[in-house]
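Residue numbers (the working numbering): 358 to 468.
Here's what the structure looks like:
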């Protein structure tokens with residue numbers, strides 16, 4: 358995972374840690390240079406108006422959406438529906454599992 362943290366990839370899900378949208382998830386749709394990314398989530402941030410974000414202000418997740426990645430590499434575009442699907446798939450599968458695990462740890466500490 359250290360290799361994926363050091364190099365962002367197109368189609369990768371990120372969690373925004375600083376700024377107005379802190380705590381929300383988005384997908385990398387373009388890498389401008391070694392410092393800035395273009396992010397979109399398909400709902401608030403559409404593909405046509407992505408958010409330019411500093412790499413230091415996001416946390417790279419260990420999940421790359423193959424649908425978004427393939428669409429961007431083949432056609433250069435991606436639908437907002439695919440972006441929404443990628444974010445919701447990650448949140449439903451990964452984040453809810455983490456929250457359940459955290460909840461169990463909290464119960465153990467209280468006992």
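Here a beta-carbon is modelled for each residue, glycine too, at the ideal position from N, C-alpha and C.
Using C-beta distances below 6 Å, list every residue in its chain close to residue i, excluding the 5 sequence neighbours before and after it, in chain order.
i	result
residue 408	396, 402
residue 498	Past the edges of the chain, shown from 358 to 468, lies residue 498, and the structure says nothing about it.
residue 381	373
residue 449	none
Considering only the alpha carbon of each residue, which of the options lies closest to residue i?
i	options	result
residue 447	418, 437, 367	418
residue 389	365, 370, 443	365
residue 436	398, 413, 449, 451	398
residue 368	380, 449, 430	430
residue 387	381, 425, 380	425
Can you tell me whether DSSP reads residue i as helix, strand or coil?
i	result
residue 319	This structure gives no information on residue 319, because the portion of the chain shown stretches from 358 to 468.
residue 392	coil
residue 365	coil
residue 441	helix
residue 370	strand
Leaving out five residues on either side along the sequence, give the residues of the same chain with a beta carbon under 7 Å from the beta carbon of residue i.
i	result
residue 411	392, 393
residue 400	441
Does the Cβ of residue i lie closer than 7 Å to at least one heavy atom of the ligand ATP?
i	result
residue 372	Looking at this structure, you won't find the ligand ATP or any other ligand, since it has none at all.
For residue i and residue j, I'd like the C-alpha separation in whole angstroms.
i	j	result
residue 374	residue 432	30 Å
residue 438	residue 405	13 Å
residue 378	residue 423	24 Å
residue 427	residue 434	10 Å
residue 466	residue 445	Low confidence applies to residue 466: its pLDDT is 42, below 50, so where it sits in the model is not reliable enough to give any reading.
Who are the near neighbours of residue i in its chain, counting only those whose CB is closer than 8 Å to its CB and skipping five residues on each side?
i	result
residue 414	373, 374, 375, 376
residue 420	369, 370, 447, 451
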